[in-house]
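In full-length UniProt numbering, the protein residues as written are 1 to 126.
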């Protein structure tokens, strides 16, 4: 009646591994934002600090970047691109700021595109 092997890794390591797999599989592609820390903590039943530690692992690996005030970490690379021998790139604070602004603009464009599609549908029904 055993439950199988017990995962003895620290919770933040397990969460980092799961997020890394999600990034590699395309669930969170480059340019997308991971769920906010509070949501990840709720999903995994851990504290916000544990999630922060997991995100820091991914930051050190060059897979995500974070920005003060942002709702989640943004994916900037995939594990397979790292494994392919591409060196982890040191990104300047200026790059991180510009990248975050680009992500914000992309979000606005997605929302505008959705609104335009809705308007087209309404006008097309006339």
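Just so you know, even glycine gets a beta-carbon here, dropped at the ideal spot from N, CA and C. Computed from a predicted model, the values in this text were never measured in an experiment.
Let's test the definition: count the other Cβ atoms within 10 Å of the Cβ of residue i and tell me whether it reaches 16, buried, or not, exposed.
i: residue 103; result: buried
i: residue 8; result: exposed
i: residue 55; result: buried
i: residue 34; result: buried
i: residue 15; result: buried
i: residue 21; result: exposed
i: residue 138; result: In the structure displayed, the chain extends from 1 to 126; residue 138 sits before or after that span and is not available.
i: residue 75; result: buried
Can you tell me where the alpha helix (DSSP H) holding residue i begins and where it ends?
i: residue 120; result: 93-124
Just verifying my parser: in three-state terms, what is the DSSP assignment at residue i?
i: residue 7; result: coil
Consider the Cβ of residue i: report whether some Cβ of chain C lies at a distance smaller than 9 Å.
i: residue 31; result: No chain C appears in the structure shown, which is made up of a single protein chain.
_I'd like the ranges of any alpha helix (DSSP H) spanning at least 4 consecutive residues and lying wholly in the UniProt domain "HTH gntR-type" (9-78)._
11-25, 37-44 and 48-60
*Please confirm if the segment 96-115 is in contact with the segment 37-44, defined as three or more CB-CB distances below 8 Å between the two stretches.*
no
*Kindly confirm or deny that the segment 104-122 and the segment 48-60 touch, where touching means at least three C-beta pairs closer than 8 Å.*
The segment 104-122, when compared against the segment 48-60, does not touch it at the 8 Å Cβ threshold.
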